[in-house]
Every structure is written in structure tokens, then in C-alpha cells.
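Q: Number 143 in the numbering used here belongs to position 102 of the sequence shown; there are no gaps in the numbering.
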Amino acid sequence: MSSAPHESTALLDQADRMGRAALRASRTYATYLVLFGLVCLGTLTLFATAPLRVALLVGMPVFAVAVTLLSVWQGRQPARPRHMTAVHLTTIGVFAALWAGSMVLGTRSGPSWFLVGGGAIVVVTLLAAVVVTKLARRSVAGGTDARPVAP
Numbered sequence: 042m043s044s045a046p047h048e049s050t051a052l053l054d055q056a057d058r059m060g061r062a063a064l065r066a067s068r069t070y071a072t073y074l075v076l077f078g079l080v081c082l083g084t085l086t087l088f089a090t091a092p093l094r095v096a097l098l099v100g101m102p103v104f105a106v107a108v109t110l111l112s113v114w115q116g117r118q119p120a121r122p123r124h125m126t127a128v129h130l131t132t133i134g135v136f137a138a139l140w141a142g143s144m145v146l147g148t149r150s151g152p153s154w155f156l157v158g159g160g161a162i163v164v165v166t167l168l169a170a171v172v173v174t175k176l177a178r179r180s181v182a183g184g185t186d187a188r189p190v191a192p
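Dropping the structure here:
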């Protein structure tokens, strides 16, 4: 008698575990993106409402700590969603352009530009969260796609 049915069952179980890992990874990364957008909005709101000196001395250190904690938390996740690198680099590139534009326009043209930039960053991070979640669902529906991270 062949052990093929047992091997098939084991492979299907492994595929299910990997699929769950991919979905879990996409949810944690989507959470990271949403929290990152909210931290940016909070920091830019501080720039819009507080004196520049206060925003720089209080807002930027808080921003740096928050982004560091978020990055460490995300980096410790055991699996990465498919296309995470492309989505992350695109999101961070757009974020950098929006952040720089907000800083230039906010300091030269008025504080409302800080809020516009913060809102735009939130929209971008929310869209990226939706994209990464949909990509994970699609890849799990068509086959598992979790890639374990080497210890």
C-alpha cells in the first residue's frame, strides 16, 4: 500500500498552515501601515497647531520612537506577505514625497499644508493596507504564499 494519501494530507495541512500565516502576515503589515499613517498624521497635526520649535523638539522624537517601535514590531513577524517589499517601497517613497512637500509647503505657505499632507499620507497608507490584504487573500485562494523568515 502506498503512503501517498498520508503524504497528500500532510502537504494539504502544510499548505493550510502557510495560507493562514500569509493572511496573518498581511493583517499585521496592514496594521503597521495604518498605525504608521496615523503617527504621521498626529505629527503633522502637531506641526500645524504648535509652534515650530515645540513640534521639532517634541513631535519629531515621539515620531522617531513610534516609527522605530512599529518597525521593530513588524520586523519580528514570522512571515512576510507576498509583494511586501514592492508595496512597502512604493508606500515609503510616496510617504517621503508627501512628507517633504508638507514640510516645505507648511513652513512656507501656512500650517494647513501640514494637515493636507497628513491626510494624504493616511490615505496612501490605508490604500497600501487594502492592497496588501487583497494580494494575500488572492495568493491564498490560488495557492499558499507565506515565506518563512530565516531565524
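Positions of the beta carbon are idealized from the N, C-alpha and C atoms, including for glycine.
Check for me: the alpha helix (DSSP H) holding residue 78 runs from which residue to which?
A: 45-90
Q: Which residues bound the alpha helix (DSSP H) around residue 149?
A: 125-150
Q: Considering only the beta carbon of each residue, do residue 159 and residue 85 sit closer than 9 angstroms?
A: yes
Q: Going straight from the alpha carbon of residue 88 to that of residue 153, what length do you get?
A: 10 angstroms
Q: Out of curiosity, what's the CA-to-CA distance linking residue 118 and residue 90?
A: 36 angstroms
Q: Taking its Cβ as the centre, do 16 or more other Cβ atoms sit within 10 Å of residue 139, making it buried, or is it exposed?
A: buried
Q: Three Cβ pairs or more, each shorter than 8 angstroms: is that satisfied between the stretch 160-176 and the stretch 123-137?
A: yes
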